[in-house]
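Novice: The UniProt record's numbering puts the first residue of the sequence shown at 1, with every later residue one more than the last. Yeah, the Cβ is synthetic: ideal placement off N, Cα and C, and Gly gets one too. First the structure, which I've put down as structure tokens, then a few questions once you've had a look.
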Amino acid sequence: MAAEDPATRRVQVAEHPRLLKLKEMFNSKFGSTPKFYVRAPGRVNIIGEHIDYCGYSVIPMAVEQDMLIAVEPVKTHTLQLANTDPLYPDFSTTANNICIDKTKPLWHNYFLCGFKGIQEHFGLSKLPGMNCLVDGNIPPSSGLSSSSALVCCAGLVTLTVLGLRLSKVELAEICAKSERYIGTEGGGMDQSISFLAEEGTAKLIEFSPLRATNVKLPSGAVFVIANSCMEMNKAATSHFNVRVMECRLAAKVLAKHKGLQWDNVLRLEEVQSKLGISLEEMLLVTEDALHPEPYSREEICRCLGISLERLRTQILTPNTQDGESSGQRIA
Ligand code: ADP
Ligand code: MG
């Protein structure tokens with residue numbers, strides 16, 4: 001699997017103005033020199049908006065904008081985070097007892113998601129301390145996945161400080177899972193492309209098991225990514241999770257309708273594969289089983305044969321539990 005490890009290369013910091021600036025700022029912040037730098041890119045999705053969390057394949061590609069972190073491992077068990085953007089305040093915590101507050105998606109919590117993901121994967125009770133200076137240039141909350149770039153970068157920083165190795169696929173799976181600690185129920189596309197992207201090619205990302213295949217871009221093709229300058233913070237609002245929950249409930253109702261064990265079903269693709277049918281047949285099943293008008297919570301409970309309380313506490317996420325009820329979308 002070594003070929004699939006994240007790439008490492010030696011660079012002359014003096015030859016890279018961004019690294020040089022980061023090194024100088026690191027020095028004035030921590031009074032020392034970074035030992036290494038880690039970067040993870042943002043992404044744009046070409047095909048498959050919002051279907052990764054339904055288990056379906058997507059085609060994203062990385063963008064040049066990225067998250068860059070200068071790192072110095074330290075002997076204490078303290079994690080100190082700073083950011084080149086004064087919008088994001090300094091943060092410090094003991095590296096042994098990481099708490100991620102889902103109710104407040106503060107920037108450092110995204111770092112902690114990646115940090116905790118690696119800790120849990122290796123079953124470590126203690127993590128080494130480190131000083132980190134983060135420099136991101138992905139427009140935040142703009143749909144280019146700045147959040148996942150930060151989570152992935154933090155995961156790779158932590159792995160490197162520990163001196164351990166994982167393949168890019170393993171890292172992507174760990175970070176997809178650990179970004180959910182912030183409260184968003186993402187499907188895994190963003191973390192997968194952040195680790196698996198390659199220059200000059202988009203990737204077909206497929207799930208269960210996670211795999212990425214090159215999708216050659218036409219030579220000379222130019223992709224224009226326009227920024228509407230409207231921000232949507234996915235963890236601070238419920239819009240993202242509402243869509244995930246709507247798809248999840250549809251999957252459960254379909255599974256129940258077809259006589260499948262529905263309790264553990266989370267994604268529409270699981271229903272399709274359990275039924276052993278094609279995508280076209282799945283569409284017919286969906287049209288037959290679901291009506292186009294919005295479902296009320298009461299109707300969903302009737303379809304599933306469960307109480308409103310069970311729907312709220314065992315299926316919905318904290319930020320979708322208390323939305324509108326009858327005749328409305330779930331929040
Ligand atoms: P996106 O579509 O960019 O992933 P999200 O709402 O999921 O949007 O995540 C945006 C959050 O990611 C920001 O509110 C901030 O907490 C974090 N973030 C983005 N860029 C940076 C950065 N340069 N430094 C620190 N945190 C950042
Ligand atoms: Mg995000």
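When you measure from the CB of residue 142 to every non-hydrogen atom of ligand 4, does any distance come out below 7 Å?
Specialist: Of the ligands this structure carries, namely ligand 1 and ligand 2, none is ligand 4.
Novice: Could you check whether the Cβ of residue 148 sits closer than 7 Å to any heavy atom belonging to ligand 2?
Specialist: True, at least one ligand heavy atom lies under 7 Å from that Cβ.
Novice: In chain order, which continuous runs of the alpha helix (DSSP H) of length 4 or greater are located wholly inside the UniProt domain "GHMP kinase N-terminal" (109-196)?
Specialist: Here the runs fully enclosed are 146-162, 168-178 and 189-196.
Novice: Per DSSP, what are the beta-bridge partners of residue 91 in this structure?
Specialist: Residue 91 is bridged to 81.
Novice: Determine, using beta carbons only, whether residue 152 and residue 235 come nearer to each other than 8 Å.
Specialist: Contact flag unset, no.
Novice: Out of curiosity, what's the CA-to-CA distance linking residue 89 and residue 59?
Specialist: Computed Cα separation, rounded: 35 Å.
Novice: Where does residue 201 sit, in a helix, a strand or coil, going by DSSP?
Specialist: In the structure shown, residue 201 sits in a strand (DSSP, three-state: E or B).
Novice: Following the continuous alpha helix (DSSP H) through residue 41, name the residue where it begins and the one where it ends.
Specialist: Segment 36-47 is the beta strand (DSSP E) holding residue 41; no alpha helix (DSSP H) there.
Novice: Following the continuous beta strand (DSSP E) through residue 73, name the residue where it begins and the one where it ends.
Specialist: Taken as a continuous stretch (DSSP letters only), the beta strand (DSSP E) holding residue 73 covers 59-74.
Novice: Note down the Cα distance separating residue 15 from residue 31, rounded to an integer number of angstroms.
Specialist: Answer to the nearest angstrom: the Cα atoms are 22 Å apart.
Novice: Would you call residue 154 buried or exposed, if buried means 16 or more other Cβ atoms sit within 10 Å of its Cβ?
Specialist: That one is buried.
Novice: If residue 136 and residue 178 are in contact, beta carbons under 8 Å, what's the gap, nearest whole angstrom?
Specialist: Not a contact, Cβ separation roughly 18 Å.
Novice: Whose C-alpha, out of 281, 261, 50 and 98, is nearest the C-alpha of residue 118?
Specialist: Nearest option by C-alpha distance: 98.
Novice: State the Cα-Cα distance for the pair residue 245 and residue 224, rounded to the nearest angstrom.
Specialist: Straight-line Cα distance between these residues: approximately 31 Å.
Novice: Is it true that the region 137-144 meets the region 197-216, where meeting means three or more beta-carbon pairs spaced less than 8 Å apart?
Specialist: Contact between the region 137-144 and the region 197-216 is absent, because fewer than three Cβ pairs lie under 8 Å.
Novice: With a threshold of 8 Å, are at least 3 pairs of Cβ atoms found where one atom belongs to the region 226-240 and the other to the region 162-178?
Specialist: Segments in contact, no.
Novice: Would DSSP call residue 293 helix, strand or coil?
Specialist: Three-state result, residue 293: coil.
Novice: Looking only at its own chain, which residues have a Cβ that is under 7 Å from the Cβ of residue 2, when we skip the five neighbours before and after it?
Specialist: Confidence in residue 2 is poor, its pLDDT being 42 and thus under 50, which makes the residue's placement unreliable; the coordinate value appears in the next sentence. Hits under 7 Å: none found.
Novice: On the DSSP letters alone, give me the boundaries of the beta strand (DSSP E) that residue 212 sits inside.
Specialist: Looking at the DSSP string, the run of the beta strand (DSSP E) that includes residue 212 is 211-216.
Novice: Nearest-angstrom Cα distance between residue 316 and residue 269?
Specialist: Answer to the nearest angstrom: the Cα atoms are 19 Å apart.
Novice: Using the Cα positions of residue 280 and residue 286, report the straight-line distance between them to the nearest angstrom.
Specialist: Each residue's alpha carbon lies about 10 Å from the other.
Novice: Consult DSSP for residue 206 and reduce its assignment to one of helix, strand or coil.
Specialist: DSSP places residue 206 in strand when its eight states are reduced to three.
Novice: Where does residue 311 sit, in a helix, a strand or coil, going by DSSP?
Specialist: Residue 311: helix per DSSP, three-state reduction.
Novice: Rounded to whole angstroms, what is the Cα-Cα separation between residue 19 and residue 74?
Specialist: Cα to Cα, the separation comes out at about 20 Å.
Novice: For residue 148 versus residue 191, is the C-beta distance shorter than 8 Å?
Specialist: Contact flag set, yes.
Novice: Confirm the yes/no value for this check: CB of residue 102, any heavy atom of ligand 2, distance under 7 Å.
Specialist: Not so, every heavy atom of ligand 2 lies at least 7 Å from the Cβ.
Novice: Helix, strand or coil, according to DSSP, for residue 318 in the structure here?
Specialist: Of the three classes helix, strand and coil, the one that applies to residue 318 here is helix, per DSSP.
Novice: Is it the case that the CB of residue 145 approaches a heavy atom of ligand 2 more closely than 7 Å?
Specialist: Checking the Cβ of residue 145 against ligand 2 gives yes.
Novice: If you check the beta carbons only, do residue 209 and residue 161 fall under 8 Å apart?
Specialist: Result no, Cβ atoms of residue 209 and residue 161 do not sit closer than 8 Å.
Novice: Run through DSSP, which three-state label would residue 243 get?
Specialist: Looking at residue 243 - three-state DSSP - the assignment turns out to be helix.
Novice: Could you check what DSSP says for residue 345 in three-state terms: helix, strand or coil?
Specialist: This structure leaves residue 345 out entirely; the chain is present only between 1 and 331.
Novice: Within 7 Å: the Cβ of residue 177 and any heavy atom of ligand 2?
Specialist: It does not: the Cβ of residue 177 is nowhere closer than 7 Å to a heavy atom of ligand 2.
Novice: At the level of alpha carbons, what is the spacing between residue 213 and residue 193?
Specialist: C-alpha separation (whole angstroms): 11 Å.
Novice: Rounded to whole angstroms, what is the Cα-Cα separation between residue 139 and residue 93?
Specialist: Computed Cα separation, rounded: 27 Å.
Novice: Under 7 Å: does the beta carbon of residue 188 sit that close to some heavy atom of ligand 1?
Specialist: Every heavy atom of ligand 1 is 7 Å or more from the Cβ of residue 188, so no.
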